[in-house]
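Worksheet for the structure shown next.
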Amino acid sequence: MNRDCIRNFSIIAHIDHGKSTLADRFLDITRTVAKRDQKKQQLDDMDLERERGITIKAKAASMDYIKDGKKYRLNLIDTPGHVDFNYEVERALAACEGALLLVDASQGVEAQTVHNTMLAEQADLMIFPVINKIDLATARSDEVIEEIENALAIEGERSMKVSAKTGEGVRELLDAIVDRVPPPEGLQDAPLRALIYDAEFNDYRGVILHIRIVDGALTAGARIRLFEGNTRHEALEIGIFRPALTPVKSLSTGEVGYLIANIKTLSDVRIGDTIVLDKDSASEALPGYRPARSMVFCGIYPVQNGEFDNLRTALIRLQLNDSAFTFTPESSDALGFGFRCGFLGLLHMEIVQERLERESGVDIVQTAPNVTYEILTIDGEVLQIHSPSEIPDPTKIEEFREPVVKLDIVTPDTHVGAIMKLGIDRRGRFLKQEYIGPGRVLIGFRIPLSEIIFDFFDKLKSVTRGYATMDYELENFVADDLVKMRILVNGEEVDALSTIAHQSHCEPRGRAILKVLRKEIRRHLFKVALQAAVGGKIVAREDIAPVRKDVTAKCYGGDISRKRKLLEKQKAGKKRLKMVGNVEIPQKAFLAVLSADD
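Residue numbering for the sequence shown is 2 to 599, as defined by the working numbering.
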């Protein structure tokens, strides 16, 4: 198709502002999907997306639209709204020239609205705001336009008002997309260069590449080369998303589509790689994407050790479809062989865990999440610390640094006091407070990432009755009073239970861990001491009482010295047993501690 008749655009918004519903109206009006095949949230085709009611993966759809007698190809990419899937949004925006910024007419500008606008500006896209849900009785479109001007510095007069549910204003929005979104740039007569912006694995067809043609054209049957992997393949099938895979004979400059080339080796494909024709040896690679930076880490282990290879294969497949997910092999004294996995956030971690269990059928055990720390040694070397076992000797540590994020919270002004207290209790430093509209406030904190990854969002929703929204981005690593807290069972250190904590939080956190252990470890014939230690100092202790036999039961009266003699003999035996006896820690005790949050 002629490049001037192509429009590539994305829909960006906060969660539940109507992205998927608006995509449904687009597909309906352009008759891309037949009436009998239509369903709600058409592009959310994963079971997990439908169950949770959220978009997890960016999805593409090619629509044909006629305006003023001229046929246009509209390539839509629907994106997730949650902060944990920002990397999906970034990659989708790289394949577009325009972005529809969707804002709920009732809720107004939210925290993720601000962040997604920044991503679109960084990608140098044409942004125009769309006020959705104008059919609601609580809609306040004029106030929301004012919020857009104040919080996002976007001219309110550029806004359009629609109702994705009823279809009001949607056809006019399609006309505006044709008029406002610029056609794609690129050299039609140049050698082929195509960007791989996503991929998925099919058991029967191999790897399916999602591509954007930047320069040149691609035809079915052509010999291609993956630039970074330097592997050669034949383009067996190319096509577009309708939104189902629909084969075509060729894809030209600016078009978005898919490529099937019988690629069975998953390691051959890298998201962000460039596809060129095999004969064009002089072609240069496209910039690709910056690597995603994992923010949260946890261990994933198979319940059965024999499932280790199956788990590895499942992780490789998942990484192909989710390039923000990373993993490396590791072993644990408690859980055996597994993988250290990196995620963008807690929701991302939950989704990966559920997808692993559903798509691979492997039963897995997941440890508690933690963040990455930095240590500056006295030699000037900077170490990345992903688990407590990697911490060097304390005498070699110059600075112990933790990741700090810039946290933005949008809330009704009646809850400002509660949010201030919550932020300060979590070691946050207040930065700003701005009114973005009548009764709505944007509050900024600088706060350690470790303080918000567990239950901060739940606490925030609780103190604001569900009205507040939050968004965060990593700033840098800051030195603080951080220590390694060791867990001792009967005087022996258990590496798998060691953790990194702020000095002020060690005592309550250590005591909470010991109380869980005390319930899970069975009683022995001798007293078992459970201790939390920082360096050489014990900060918390719990004892498991011994199992006692009543050795004086056979004494019916008589001299008290007989009873004392039997008790002293029992006491000596228990003391000797404690010195040579081992405390058995069942796996469920590890799981109870590792799976528990703060």
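We put the beta carbon where it would ideally sit given N, CA and C, even for glycine. Source: prediction; values computed, not measured.
Within its own chain, the residues whose Cβ lies closer than 6 Å to the Cβ of Q320, once the five positions on either side in sequence are excluded, are F326, listed in chain order. With fewer than 16 other beta carbons inside 10 angstroms of its own, D560 counts as exposed.
Residue P184 holds the alpha-carbon nearest to the alpha-carbon of R8 among P184, D125 and L28. The residue from V517, I272, R224 and A236 with its alpha-carbon nearest to that of L260 is A236. Looking from the CA of G207, the closest CA among H234, A191 and I514 belongs to H234. The shortest C-alpha to C-alpha distance from I212 to any of R172, L287 and P413 is the one to L287. Selection A14, E351, I301 and Y290 evaluated against I197 yields Y290 as nearest (Cα-Cα). For I67, the beta-bridge partners assigned by DSSP are K72. Ranked by how close their Cα comes to the Cα of Q189, the residues G217, V171 and V182 have G217 in first place.
No residue range can be given for R549, since it is assigned to no alpha helix (DSSP H) and is classified by DSSP as neither H nor E. For I420, the three-state secondary structure derived from DSSP is helix. For the options G492, Q504 and N76, the alpha carbon positioned closest to that of R542 is the one of G492.
Inside the segment 254 to 324, DSSP marks whole alpha helix (DSSP H) runs of 4 or more residues at positions 309 to 322, from first to last along the chain.
Take the alpha-carbon of L267 and the one of T500: they are about 35 Å apart. Taking A546 as reference, the option from A573, K528 and V131 with the minimal CA-CA separation is K528. Here the C-alpha atom of G19 lies approximately 11 Å from the C-alpha atom of L102.
Counting C-beta pairs closer than 8 Å gives three or more between the segment 451 to 471 and the segment 109 to 116, which meets the contact rule. In this structure Q504 is exposed. Its beta-carbon is surrounded by fewer than 16 other beta-carbon atoms within 10 angstroms. Around the beta-carbon of P303, 16 or more other beta-carbon atoms lie within 10 Å, marking it buried. Taken in chain order, the whole beta strand (DSSP E) runs of length 3 or more contained in the segment 421 to 458 are 430 to 438 and 441 to 449.
Between the C-alpha atoms of F340 and T314 there is a straight-line separation of about 12 Å. A Cβ-Cβ contact shorter than 8 Å links T247 with I241. One Cα belongs to V464, the other to F457, and the distance between them is close to 11 Å.
Looking only at N371, S451, R37 and T31, the smallest Cα-Cα distance to A62 is reached by T31. Taking 8 Å as the cut-off, the beta carbon of L75 is found closer than this to the beta carbon of I178. Across the set T232, M421 and I514, the C-alpha of I514 shows the shortest separation from the C-alpha of V490.
The beta-bridge partner set that DSSP reports for G337 consists of S333.
For K134, the closest alpha carbon among the candidates A121, K162 and I128 is that of K162. With fewer than 16 neighbouring CB atoms inside 10 Å of its own CB, V383 falls in the exposed class.
Cα atoms of I386 and M350: separation of roughly 19 Å, rounded to the nearest angstrom.
When C-alpha distances from L450 are compared across N322, V297 and R441, the shortest belongs to V297.
Within the segment 470 to 516, the beta strand (DSSP E) runs of at least 3 residues that lie entirely inside it are, in chain order, 470 to 480, 483 to 490 and 500 to 503.
In the DSSP assignment, V353 falls within the unbroken alpha helix (DSSP H) covering L347 to S361.
Short of 8 Å from the beta carbon of K397, and not among the five residues preceding or following it, lie these beta carbons of its own chain, in chain order: T378, I379 and D380.
Nearest in C-alpha terms to D281, of all of Y205, E201 and A195, is A195. Sorting M421, D29 and A121 by C-alpha distance to the C-alpha of D409 places M421 at the top.
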